[in-house]
Structures are given as C-alpha cells and as structure tokens.
Amino acid sequence: MTQFTPDLASRFARIALGHVERRYPFKLDQVLLGPDDRRSPTELHPVFHGSFDWHSCVHGYWLLARIGRRFPDLPEAAEITALFDRKLTPELVAGERAYLDRPLSGGFERPYGWAWLLKLAAELEQRMAPAERAWAEALAPLAQAFADRFRAYLPKATYPVRAGVHSNTAFALRLALDYAEAVKDQDLAALFRHKALAWYGADADCQAWEPGGDDFLSPALIEAALMARALPAGAFVPWLDRFLPRLAAQEPGALFAPATVSDRTDGKIAHLDGVNLSRAWCLREVAAALPVGDARRGVLGKAAETHLAASLPHVASDYMGEHWLASFAALALETA
1 MTQFTPDLAS
11 RFARIALGHV
21 ERRYPFKLDQ
31 VLLGPDDRRS
41 PTELHPVFHG
51 SFDWHSCVHG
61 YWLLARIGRR
71 FPDLPEAAEI
81 TALFDRKLTP
91 ELVAGERAYL
101 DRPLSGGFER
111 PYGWAWLLKL
121 AAELEQRMAP
131 AERAWAEALA
141 PLAQAFADRF
151 RAYLPKATYP
161 VRAGVHSNTA
171 FALRLALDYA
181 EAVKDQDLAA
191 LFRHKALAWY
201 GADADCQAWE
211 PGGDDFLSPA
221 LIEAALMARA
231 LPAGAFVPWL
241 DRFLPRLAAQ
251 EPGALFAPAT
261 VSDRTDGKIA
271 HLDGVNLSRA
281 WCLREVAAAL
291 PVGDARRGVL
301 GKAAETHLAA
311 SLPHVASDYM
321 GEHWLASFAA
331 LALETA
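Residue numbers (UniProt numbering): 1 to 336.
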C-alpha cells in the first residue's frame, strides 16, 4: 500500500511553498460593482492570494499545516512556520473576512472554498504549542463566518449538487464535518449529518456515469465517503449495499478504471488527475468503514492503488495541476 512517507511529504511541501504566495497567474472570483473594485488579488485577499485561485491557496495552506504537524522534522518545517507566522495574523485574516461582507459576495466560493477553509481551521485546531495556537485563533473569525454561511445555506438547499467539480455538495459536507467535530460544535455537526441523510439517504443502485471531461471528483465515491463519515455505526454498510450493490464485482466498472489525462497543460483536462487522486481517497475511506473480513475492502484497496499509480507521478507535471493536486494526493495518502 502506498504510504505518506517523509520524502513524499517533503516533496509536497516544496510544491506548496512554491505556489501559496505566487501572485500570478490568479483567477479572481469577484463581482465588480464599479471601477473602484478593480483591485489586485493581494489587496482583496491578504492571505490567500496565491496558487492560481483562492480555494487552491486555502488548501495549499491546509497541506502545509498537515505536513508540518505530521512530519515536524522535515527540512521545510521552519519555512512552513515562518509562512504561517507571517500570514495567519488577525490583521490579514480581517482583510479576508472583510471581503465576505462586500455586496454580492454571499455565494463566494460556495461550497468548495467554504469547506476547504473549515478543513484548514480543523487542522490548525490540532496544534497545541502556544505560538501555533495563535494561527488557529487568528483564522477562527473567518472559519466562523463560513460555518455561519453553511448554517444559513443548508436549510434552504433543497437539492444536492452531484457534479464532479467545485459545486459538489457531498465533498463540502465531508470536509466541513471534520471542522465541526474539531471545534466540538455538536449542532453544526448534527446539521451536516442531517443534510447528508436528507440528500443522499435514499439513493440506490448508482450507475456512476463518470467521469465527465473536466471532473476532479467522483460524484459516486465522494457520496459514499461522506456517508461513511456521516452515518451512525452500523448504518453505513446497509446504505452502501443499496447504493453500490455490485461493488464486490467491481461494478460499475467506470469507478475502477482510472481517468485518462490527455493534456496536463489544459486546466480542465488536468482535472482528471484529480479524479484519480480523489477516487483513491474515497476508495480508502469507504474500505476503512467496512467490517474486517468484508471482501470489498480488498477490492477497494486495490482500486485505490491503481488510481494512485495513474496520477501520483504527475502532481507537478504542469502548473495547471501543480497548484492543487498535491492536496488531493495527501488526502488519499493520509487515509492509508
């Protein structure tokens, strides 16, 4: 089984350190209300202005935070600490928070960026040293703002979004649950679990018509990974039996065949490396939620290895993938 080794962690850290403060190219997510709104990314986003776009920068910080906690003796550890000391300050985070209060910013990064920001906050909550606790405390107002947006949005979101891209709601709930549990917000966790059950609890016989041409998530497998996390003990296996009833026979076959990436310089086609890495993560999560002795564990584990082998060598093939793929590789490797 492919493991998250110190060598891989060091490589991923170097990749992320190379792009979280890289200012250009940068893709803004902004509604202009007038000529005065034409400002630079660093003015609009004092912390998360690198990595091609806001959400990728956020999960680049998550990747560095996770690596720094799990592998504290890496050569890159001091540089990670210096970055966080420099950027995760109350003043700079207040600038990020102010962006959310702009008119027509209510849907900014919903729900993908919301979930990654909460995932970063959850990781920082694990830090115990006083100097490191300052990072979590600085980020807390921004995390609270996004948690509040989830609280306002989910009750009126009648239908899930099953796309294989940023709008996918199962992915958002899966990451956001980690935050709710890390900060011990039982009401928020209950809201996430309630919505997961309302959206996906009755799903059955998934056909898995995927991947789409610019997907980076598997709509089927991220749903299964969410339900493995959200359902009570003993309820997940019966749900999975209904949702993917032929999983032991490696059906639907589309879930077991890694996506083909024909051009890694094309930002949308490069998404398909993300399909392979995020599938590996989900396959491992689902396998881990099954009872010992369940034959599907081996089937899913083997499929995860096949998907990792297809795309792990390509996390830095081109900047279109380099600015984000290592985070998804880390999710998969963390689940080993």
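All C-beta atoms in this analysis are idealised placements derived from N, C-alpha and C, irrespective of residue type, glycine included.
For the candidate residues Pro232, Glu251, Ile80 and Asp263, whose alpha-carbon lies nearest to that of Leu221?
One-based indexing of the sequence shown puts residue 221 at position 221. Nearest of Pro232, Glu251, Ile80 and Asp263 to Leu221, Cα basis: Glu251.
Pick helix, strand or coil for Asp273, following the three-state DSSP scheme.
By 1-based counting over the sequence shown, the position of residue 273 is 273. Residue state, collapsed to three classes: helix.
Run through DSSP, which three-state label would Lys27 get?
Taking the sequence shown and counting its residues from 1, one reaches residue 27 at position 27. Three-state result, Lys27: strand.
Count the other CB atoms, across all protein chains shown, that sit within 10 Å of the CB of Val93; report buried if there are 16 or more and exposed otherwise.
Here residue 93 refers to the residue found at position 93 when the sequence shown is read from its first residue. Burial call: buried.
Can the beta-carbon of Asp273 be found closer than 7 Å to that of Ser311?
Position 273 of the sequence shown holds residue 273. Position 311 of the sequence shown holds residue 311. Cβ distance < 7 Å, so Asp273 and Ser311 count as in contact.
Can you give the beta carbon distance from Cys67 to Ala316, rounded, assuming they're within the 8 Å contact cut?
Residue mapping note: residue 67 aligns to position 67 of the sequence shown, counting from 1. Residue mapping note: residue 316 aligns to position 316 of the sequence shown, counting from 1. First, the amino acid is wrong: residue 67 is Ile here, not Cys. Incorrect: roughly 15 Å between the Cβ atoms, too far for contact.
Limits of the unbroken alpha helix (DSSP H) element including Gln186
The residue given as residue 186 occupies position 186 in the sequence shown. First-last of the alpha helix (DSSP H) with Gln186: Gln186 to Tyr200.
Environment of Glu285 [buried if 16+ CB atoms lie within 10 Å]
The residue you call residue 285 lines up with position 285 of the sequence shown. So Glu285 counts as buried.
Whole angstroms is fine: what's the gap from Glu146's alpha carbon to Met1's?
Along the sequence shown, read from residue 1 onward, the residue named residue 146 stands at position 146. Along the sequence shown, read from residue 1 onward, the residue named residue 1 stands at position 1. Note on residue identity: the sequence assigns Phe, not Glu, to residue 146. So the two alpha carbons sit approximately 36 Å from each other.
Go through its chain and collect everything with a Cβ distance to Thr42's Cβ below 7 Å, but skip five positions before and after it.
Residue numbering aside, residue 42 sits at position 42 when the sequence shown is read from its first letter. Result list for Thr42: Arg23 and His49, in chain order.
Return the residue from the list Glu91, Leu308, Pro211 and Gly298 that minimises the CA-CA distance to Ile269.
The count along the sequence shown starts at 1 and reaches residue 269 at position 269. Of the candidates Glu91, Leu308, Pro211 and Gly298, the one whose C-alpha sits nearest the C-alpha of Ile269 is Pro211.
Is Tyr153 near the ligand COA, going by C-beta to nearest heavy atom under 6 Å?
Ligands displayed in this structure: none; no statement on the ligand COA is therefore possible.
Is it buried or exposed for Pro258, if we count other Cβ within 10 angstroms and need 16 for buried?
As a working mapping, residue 258 is identified with position 258 in the sequence shown. Flag for Pro258 reads buried.
Supposed close pair Ser218, Val299 - CB separation, criterion 8 Å:
As a first step, residue 218 is located in the sequence shown; it is residue number 218 there, counting from the start. As a first step, residue 299 is located in the sequence shown; it is residue number 299 there, counting from the start. Contact doesn't hold; Cβ gap of about 16 Å is too wide.
So Leu28 and Arg97 are supposed to be a Cβ contact under 8 Å. How far apart are they, rounded?
In the sequence shown, residue 28 corresponds to position 28, counting from 1. In the sequence shown, residue 97 corresponds to position 97, counting from 1. Not confirmed; about 18 Å, so no contact.
With DSSP as the reference, label Asp53 as helix, strand or coil.
Locating residue 53 in the sequence shown gives position 53, counting from the first residue. If DSSP states are grouped into helix, strand and coil, Asp53 belongs with the strands.
Can you check which of these residues, Thr5, Phe192 and Ile80, is closest to Ala157 by C-alpha distance?
Locating residue 157 in the sequence shown gives position 157, where the first residue counts as 1. Taking only the C-alpha atoms, the option nearest Ala157 is Phe192.
Between the beta-carbon of Ala288 and the beta-carbon of Phe256, is there less than 7 Å?
Translated into the one-based positions of the sequence shown, residue 288 becomes position 288. Translated into the one-based positions of the sequence shown, residue 256 becomes position 256. The answer is no: Cβ separation not under 7 Å.
Can Gly113 and His55 be called in contact, C-beta distance under 7 Å?
Residue mapping note: residue 113 aligns to position 113 of the sequence shown, counting from 1. Residue mapping note: residue 55 aligns to position 55 of the sequence shown, counting from 1. It is a contact, given that the beta carbons lie within the stated cut-off.
Alpha helix (DSSP H) segment containing residue 337, residue limits
This structure cannot speak to residue 337, because the chain is shown only from 1 to 336.
Three-way DSSP call (helix, strand, coil) for Ser105 in this model:
As a first step, residue 105 is located in the sequence shown; it is residue number 105 there, counting from the start. Coil at Ser105, not helix or strand.
Count the other CB atoms, across all protein chains shown, that sit within 10 Å of the CB of Arg86; report buried if there are 16 or more and exposed otherwise.
Looking up residue 86 in the sequence shown gives position 86. Counting Cβ neighbours within 10 Å, Arg86 comes out exposed, since fewer than 16 surround it.
Option nearest Phe216 by Cα separation, candidates Thr260, Met128 and Pro46
On the sequence shown, residue 216 is found 216 positions in, with the first residue counted as 1. Looking at the Cα atoms, Thr260 is the closest of the given residues.
N-terminal and C-terminal residue of the alpha helix (DSSP H) that Phe243 is part of:
Looking up residue 243 in the sequence shown gives position 243. Phe243 -> alpha helix (DSSP H) spans Phe236 to Phe243.
Own chain partners of Gln207 with C-beta closer than 7 Å, once the 5 adjacent residues on each side are dropped:
Against the sequence shown, residue 207 aligns to sequence position 207. Around Gln207: Pro252.
For Met320, which of helix, strand or coil comes out of DSSP?
Walking along the sequence shown from the start, residue 320 turns up at place 320. Helix at Met320.
Contact belief for Leu226 with Ala196 at Cβ below 8 Å, rounded distance in angstroms:
As a first step, residue 226 must be located in the sequence shown, where it is residue number 226. As a first step, residue 196 must be located in the sequence shown, where it is residue number 196. Yes, Leu226 and Ala196 are in contact; Cβ-Cβ is about 6 Å, under 8 Å.
What first and last residue would you give for the alpha helix (DSSP H) that runs through Ala220?
Along the sequence shown, one-based indexing puts residue 220 at 220. Counting along the chain, the alpha helix (DSSP H) containing Ala220 begins and ends at Pro219 to Ala230.
Where the alpha helix (DSSP H) through Phe12 begins and ends
For this step, residue 12 is matched to residue 12 along the sequence shown. Counting along the chain, the alpha helix (DSSP H) containing Phe12 begins and ends at Pro6 to Leu17.
The region 172-182 touching the region 119-128, judged by at least three CB pairs closer than 8 Å
yes
Helix or strand or just coil, what does DSSP make of Pro258?
Here residue 258 refers to the residue found at position 258 of the sequence shown. Here Pro258 sits in coil by DSSP.
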